[in-house]
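In what follows, a single structure is set out as structure tokens and then discussed.
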Amino acid sequence: MKGMQQLLESGSSVLDHVSLPMMLTAKDATVLWWNEVAERTFGYSADEIIGKFYPFKDEERSAIDPSTWNQVLNSNESIRFANFILPSKQGESFHTSAVLNSMAIGKEQYVMFAFEVDNIQRKDQTKIEQELASFKVGLEETFMVTYLDKDGLITYANPLFLKSSKWTPKRVIGKTFWQLFPEESAETLVNQIWYELQSNRVWQGSVEKLTKDGETYWVDMTAIPVLTTSDDPIYFTILEKDITEKKRLQMHLEQIAYVDPETGLMNRHRLENIVSSLIAEQRHFSFIFLDIDKFYTLKDMHDEESETTLLLEFAKRLKMYFQDSDIARVGEDEFVVLTPLSDWFIQGFLSYLKQHPIYIRNKAIPISISGGITRFPEDQSTFSHLMKASKATIYKVKQEGGGNIVSLSKANHVALSKKAMIEKRLIEALHQKDLSVMYQPQVDLSTGKIDAVEALVRWEDAVLGTVSPNELIPIAEETGMIHDIGSFMLEKACEQAAKWAKSGNPMKVSVNSSIREFRDKNMVKKIRQTLEKFDCPAHLLQIEITEKFALEAESEQSIIRQMLQLQADGIVFVLDDFGTGYASFRYMQLLPITELKIDQSFISGILKQEKLQKLVYGMIQFGKSMKIRVLAEGVETKEQYDLLNKLGCDAIQGFFVSHPVAASEIEKL
Ligand code: C2E
Ligand code: CA
Ligand code: CA
Numbered sequence: 081m082k083g084m085q086q087l088l089e090s091g092s093s094v095l096d097h098v099s100l101p102m103m104l105t106a107k108d109a110t111v112l113w114w115n116e117v118a119e120r121t122f123g124y125s126a127d128e129i130i131g132k133f134y135p136f137k138d139e140e141r142s143a144i145d146p147s148t149w150n151q152v153l154n155s156n157e158s159i160r161f162a163n164f165i166l167p168s169k170q171g172e173s174f175h176t177s178a179v180l181n182s183m184a185i186g187k188e189q190y191v192m193f194a195f196e197v198d199n200i201q202r203k204d205q206t207k208i209e210q211e212l213a214s215f216k217v218g219l220e221e222t223f224m225v226t227y228l229d230k231d232g233l234i235t236y237a238n239p240l241f242l243k244s245s246k247w248t249p250k251r252v253i254g255k256t257f258w259q260l261f262p263e264e265s266a267e268t269l270v271n272q273i274w275y276e277l278q279s280n281r282v283w284q285g286s287v288e289k290l291t292k293d294g295e296t297y298w299v300d301m302t303a304i305p306v307l308t309t310s311d312d313p314i315y316f317t318i319l320e321k322d323i324t325e326k327k328r329l330q331m332h333l334e335q336i337a338y339v340d341p342e343t344g345l346m347n348r349h350r351l352e353n354i355v356s357s358l359i360a361e362q363r364h365f366s367f368i369f370l371d372i373d374k375f376y377t378l379k380d381m382h383d384e385e386s387e388t389t390l391l392l393e394f395a396k397r398l399k400m401y402f403q404d405s406d407i408a409r410v411g412e413d414e415f416v417v418l419t420p421l422s423d424w425f426i427q428g429f430l431s432y433l434k435q436h437p438i439y440i441r442n443k444a445i446p447i448s449i450s451g452g453i454t455r456f457p458e459d460q461s462t463f464s465h466l467m468k469a470s471k472a473t474i475y476k477v478k479q480e481g482g483g484n485i486v487s488l489s490k491a492n493h494v495a496l497s498k499k500a501m502i503e504k505r506l507i508e509a510l511h512q513k514d515l516s517v518m519y520q521p522q523v524d525l526s527t528g529k530i531d532a533v534e535a536l537v538r539w540e541d542a543v544l545g546t547v548s549p550n551e552l553i554p555i556a557e558e559t560g561m562i563h564d565i566g567s568f569m570l571e572k573a574c575e576q577a578a579k580w581a582k583s584g585n586p587m588k589v590s591v592n593s594s595i596r597e598f599r600d601k602n603m604v605k606k607i608r609q610t611l612e613k614f615d616c617p618a619h620l621l622q623i624e625i626t627e628k629f630a631l632e633a634e635s636e637q638s639i640i641r642q643m644l645q646l647q648a649d650g651i652v653f654v655l656d657d658f659g660t661g662y663a664s665f666r667y668m669q670l671l672p673i674t675e676l677k678i679d680q681s682f683i684s685g686i687l688k689q690e691k692l693q694k695l696v697y698g699m700i701q702f703g704k705s706m707k708i709r710v711l712a713e714g715v716e717t718k719e720q721y722d723l724l725n726k727l728g729c730d731a732i733q734g735f736f737v738s739h740p741v742a743a744s745e746i747e748k749l
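The working numbering puts the first residue of the sequence shown at 81, with every later residue one more than the last.
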């Protein structure tokens, strides 16, 4: 030791002129000597340093681990350490390399450090780095901080992050960014964040994340791409603040604000919002106000438990019957349903209730309801007026003994018996051939040409006015008149298809068909005869069946047989309204289906709802995998058209191309 001291004293003047920061330590790493440049560079004076451990020993990021230190001690050559990060007294970090030289003088061993800090740069950098350093300290104390490398692997996580996420550093380092999120969002949202970062943009927003134990928590996240020097790869800093409590409170408030706690239906406040937006969009709908009539049996067993059961069971039946409608509870035993469906369907709820009685303590409760139907826009045009008018109707119903659902609309006084009227008038219409056909074109996206049309029935009655197919077809199915409508449509379709083919513009014509028509054992014969009658090639005829049809056909061998025979003739079967009901892979294999039509309910929201977009994409992929052509229905805008084209859809039908029009209009198109 003595020898060294002397050596240093005599040599210090020389060494002090070396322009590099230098340090000499003993074998145990206590500092013995610290030159002037080191003092200037790192801010520690020699007095502060000498006799202590060298200041970097304990610093995690730059620590030389014991085995490496031994290697240094045992080596005769100098060893260079790249990527050393040294903190100065002021808290700045120096990126440097260091050359370590071990030497033995007498019995003692020493290590000489020479740091290769870029002095010239240092002067300008100091201030910036100092600022950055204090920024960093501030951020680390305020936010959860993680760093990601260019591949999205986590390279650093601060204590706040570890606390919220319950990860340990050992486990989380090396995990991917994606692994910190619930699976559902990992694909879409996280990819979006990643895309922003890759494009060198900051991303900001609230996201749901997963702790190590799989629990979710919410954070406000700011993700920042950090550019370093040109040789260093970019990395990403993720700053987060836990907002779980705030989010929970918000969701709780939303619940209170929108949901009826007893039944889980929407509450009056939410209903009002929905009605207002329907009105703003000028959407036609029926506002049905329903009130449970109190019967003596109910009063007899008036206890809270049965009351609750009754409410819940009633709400369940509403949901079952009015499947896709908005349903709200607006009072003790008052409910509102919004639906575009017709009055006779709404009134059918009464018999549905009879068929599905509510049991309390094993006793069927004879429950009766009174209801009032008010229409927007025909009857009333604001939420409060719809409410008032419906209540007034109910009052009358109750006075007459309850147990009925009545429509306010004057026009609809007729409608109470409209179903009966339709039945009667339809017989005449069929007689006089008062029905007509409109054709809606379908565009093949690979050619951009109209290659097929769908034939849709139209009925303009002198007394009833226009009767929409949605009203007509169910009644016709019920009464059996669907056979006549079907034959009429088939004749028209074959006649038209043959005409177009002869004029050199062959066009496929698609007709809708009901399962009831196929229960007719003569269906194959009937279709063959019609084709023959008009000299129409079979491959120009397409038959659309619905999922409900497919489901039933699956269990009826004779229907499948007929379909296969027709397919052998060249007739194409199309699965209509795909996705609305019973989609089953089984019947897709059983039935000879060569095209599917994605229902318009998926298309109408496709631009706004990512979920729908995914669903539609899935359907298209499904079609491709089954070698089934996929057509999208109800395409109303160019944006929808473009998106569907991009998603790989084969064909398009909808108002964007054309409304259903007369045959002569098709020729013009
Ligand atoms: P569908 O088979 O799904 O026919 C498509 C319906 O959507 C047609 O209504 C058509 O006018 C309408 N539509 C077409 N493009 C658009 C669009 O871009 N936006 C919107 N919002 N709607 C669009 P339509 O003619 O009222 O027919 C209703 C339903 O009645 C048909 O639904 C079909 O199930 C049934 N139908 C119609 N004609 C016949 C028929 O001759 N026989 C049988 N069995 N059913 C028929
Ligand atoms: Ca159809
Ligand atoms: Ca359809």
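A virtual CB, placed ideally from N, CA and C, is assigned to each residue, including glycine.
- [ ] Could you tell me the boundaries of the beta strand (DSSP E) in which residue 247 lies?
- [x] Here residue 247 corresponds to residue number 167 of the sequence shown, with the count starting at 1. Looking at the DSSP string, residue 247 is not in any beta strand (DSSP E), and its letter there is neither H nor E.
Task: Distance, residue 266 Cα to residue 178 Cα - done: Along the sequence shown, read from residue 1 onward, the residue named residue 178 stands at position 98. Along the sequence shown, read from residue 1 onward, the residue named residue 266 stands at position 186. Cα to Cα, residue 178 sits roughly 42 Å from residue 266.
TODO: Evaluate residue 222 with the Cβ neighbour count: other Cβ atoms within 10 Å of its Cβ, from every protein chain shown; 16 or more gives buried, anything less gives exposed.
DONE: Taking the first residue of the sequence shown as position 1, residue 222 is located at position 142. So residue 222 ends up on the exposed side.
Task: Residue from 432, 419, 573 whose Cα sits closest to the Cα of residue 394 - done: Against the sequence shown, residue 394 aligns to sequence position 314. That would be 432, whose Cα lies nearest to the Cα of residue 394.
- [ ] Flag residue 677 as yes when its Cβ comes closer than 7 Å to any non-hydrogen atom of ligand 3, and as no otherwise.
- [x] The sequence position of residue 677 within the sequence shown is 597, counting from 1. Residue 677: yes, Cβ under 7 Å from ligand 3.
Open item on the list: Can you look up residue 110 in the DSSP assignment and give me helix, strand or coil?
Closed with: Position 30 of the sequence shown, counting from 1, holds the residue named residue 110. Three-state DSSP puts residue 110 in a strand.
TODO: Can you grab the Cα-Cα spacing for the pair residue 705 / residue 667, in whole Å?
DONE: If you number the sequence shown from 1, residue 705 lands on position 625. If you number the sequence shown from 1, residue 667 lands on position 587. Cα to Cα, residue 705 sits roughly 15 Å from residue 667.
TODO: Determine the burial state of residue 676: buried for a count of at least 16 other Cβ atoms within 10 Å of its Cβ, exposed for fewer.
DONE: By 1-based counting over the sequence shown, the position of residue 676 is 596. By the 10 Å Cβ count, residue 676 comes out buried.
Task: Contacting residues, own chain, Cβ-Cβ under 7 Å from residue 580 (five flanking each side not counted) - done: In the sequence shown, counting from the first residue as 1, residue 580 sits at position 500. Answer for residue 580: 586, 587, listed in chain order.
TODO: Could you check if residue 275 is buried or exposed, using at least 16 other CB atoms within 10 Å of its CB as the buried criterion?
DONE: By 1-based counting over the sequence shown, the position of residue 275 is 195. Classification of residue 275: exposed, given that the 10 Å Cβ count is below 16.
Open item on the list: Do residue 576 and residue 743 count as a contact pair if the criterion is CB distance below 8 Å?
Closed with: Position 663 of the sequence shown, counted from the start, is the residue given in the question as residue 743. Position 496 of the sequence shown, counted from the start, is the residue given in the question as residue 576. Cβ distance < 8 Å, so residue 743 and residue 576 count as in contact.
Task: Those residues, in chain order, that have a beta-carbon closer than 6 Å to some heavy atom of ligand 2 - done: 534, 592, 624, 656
Open item on the list: Judging by CA-CA distance, which residue of 464, 185, 473 is the nearest neighbour of residue 452?
Closed with: Counting from one through the sequence shown, the residue named residue 452 turns up at place 372. Nearest option by C-alpha distance: 473.
Task: Whole runs of the beta strand (DSSP E) within the region 392-439, excluding any shorter than 3 residues - done: Scanning the region 392-439 from its first residue to its last, the whole beta strand (DSSP E) runs of 3-plus residues come out as 406-411, 414-419.
Open item on the list: Tell me which residue opens and which closes the beta strand (DSSP E) that residue 317 is part of.
Closed with: Walking along the sequence shown from the start, residue 317 turns up at place 237. That run of the beta strand (DSSP E) goes 315-322.
Open item on the list: Using DSSP's beta-bridge definition, name the partner residues of residue 666.
Closed with: Your numbering for residue 666 matches position 586 in the sequence shown. Partner(s): none; residue 666 has no beta bridge.
TODO: Starting from the C-beta of residue 643, find all residues in its chain whose C-beta is less than 8 Å away, skip the five residues before and the five after it, and write them out in chain order.
DONE: The count along the sequence shown starts at 1 and reaches residue 643 at position 563. Only 598, 633, 653, 671, 672 meet the Cβ criterion.
- [ ] State the CB to CB distance for the pair residue 568 and residue 631, rounded to an integer number of angstroms; the pair is presumed to be in contact (CB under 8 Å).
- [x] Walking along the sequence shown from the start, residue 568 turns up at place 488. Walking along the sequence shown from the start, residue 631 turns up at place 551. Their Cβ separation, rounded to whole angstroms, is 26 Å, which puts residue 568 and residue 631 out of contact at 8 Å.
Task: Residue span of the beta strand (DSSP E) that contains residue 709, given as start and end - done: Looking up residue 709 in the sequence shown gives position 629. 709-712 is the extent of the beta strand (DSSP E) around residue 709.
Open item on the list: Following a CB-centred definition, is residue 565 positioned closer than 7 Å to any heavy atom of ligand 1?
Closed with: Residue mapping note: residue 565 aligns to position 485 of the sequence shown, counting from 1. True, at least one ligand heavy atom lies under 7 Å from that Cβ.
Task: Three-state secondary structure (DSSP) of residue 305 - done: Taking the first residue of the sequence shown as 1, we reach residue 305 at position 225. DSSP places residue 305 in the strand class (E or B) of the three-state scheme.
Open item on the list: Only counting the same chain, and skipping five residues up and downstream in sequence, which positions put a Cβ closer than 6 Å to that of residue 822?
Closed with: Within the shown structure, residues of the chain are numbered from 81 to 749, placing residue 822 beyond reach of any answer.
- [ ] Check whether the region 436-455 touches the region 344-358, counting contact only when three or more Cβ pairs, one atom from each stretch, lie closer than 8 Å.
- [x] no
- [ ] Mark residue 589 as exposed unless 16 or more other C-beta atoms lie within 10 angstroms of its C-beta, in which case mark it buried.
- [x] On the sequence shown, residue 589 is found 509 positions in, with the first residue counted as 1. Buried, by the Cβ-count rule.
- [ ] With hydrogens ignored, establish whether the beta-carbon of residue 548 is closer than 7 Å to any heavy atom of ligand 1.
- [x] Taking the sequence shown and counting its residues from 1, the one referred to as residue 548 is at position 468. Answer for residue 548: yes, Cβ within range of ligand 1.
Open item on the list: Is any non-hydrogen atom of ligand 1 found closer than 7 Å to the C-beta of residue 569, if you look at the structure I gave you?
Closed with: Within the sequence shown, numbered from 1, the residue matching residue 569 stands at position 489. Yes, Cβ of residue 569 sits closer than 7 Å to a heavy atom of ligand 1.
Open item on the list: If the criterion is Cβ atoms closer than 8 Å, does the pair residue 229 and residue 315 meet it?
Closed with: If you number the sequence shown from 1, residue 229 lands on position 149. If you number the sequence shown from 1, residue 315 lands on position 235. Contact: yes.
TODO: Measure the C-alpha to C-alpha separation of residue 648 and residue 278 and round it to an integer number of angstroms.
DONE: Sequence index remark: in the sequence shown, residue 648 carries index 568 (1-based). Sequence index remark: in the sequence shown, residue 278 carries index 198 (1-based). The alpha-carbon separation between residue 648 and residue 278 amounts to approximately 54 Å.
Open item on the list: From the DSSP secondary-structure annotation, give me the bridge partner or partners of residue 167.
Closed with: One-based indexing of the sequence shown puts residue 167 at position 87. Beta-bridge pairing links residue 167 to 173.
Open item on the list: What I want to know is whether the C-beta of residue 713 ends up closer than 7 Å to one or more non-hydrogen atoms of ligand 3.
Closed with: Here residue 713 refers to the residue found at position 633 of the sequence shown. Annotation for residue 713 indicates a beta carbon within 7 Å of some heavy atom of ligand 3.
Task: Segment contact, 8 Å Cβ cut-off, at least three pairs: the region 598-616 with the region 543-554 - done: no
Open item on the list: Quick check: what's the CA-CA separation for residue 436 versus residue 430?
Closed with: What you label residue 436 is simply residue 356 of the sequence shown in a count that begins at 1. What you label residue 430 is simply residue 350 of the sequence shown in a count that begins at 1. The C-alpha of residue 436 lies about 10 Å from the C-alpha of residue 430.
- [ ] Using only alpha-carbon positions, find the residue among 244, 270, 243, 609 that is nearest to residue 256.
- [x] The count along the sequence shown starts at 1 and reaches residue 256 at position 176. With distances taken between Cα atoms, residue 256 lies closest to 270.
Task: Touching by the beta-carbon criterion (3+ pairs, under 8 Å), the region 727-742 and the region 517-532 - done: Enough Cβ pairs lie closer than 8 Å, so yes.
Open item on the list: I want to check one thing, is the minimum distance from the CB of residue 734 to the heavy atoms of ligand 1 below 7 Å?
Closed with: Taking the first residue of the sequence shown as 1, we reach residue 734 at position 654. Yes, the beta carbon of residue 734 sits closer than 7 Å to at least one heavy atom of ligand 1.
TODO: Kindly indicate the opening and closing residues of the beta strand (DSSP E) around residue 100.
DONE: Taking the first residue of the sequence shown as position 1, residue 100 is located at position 20. Taken as a continuous stretch (DSSP letters only), residue 100 belongs to no beta strand (DSSP E), as it is neither H nor E.
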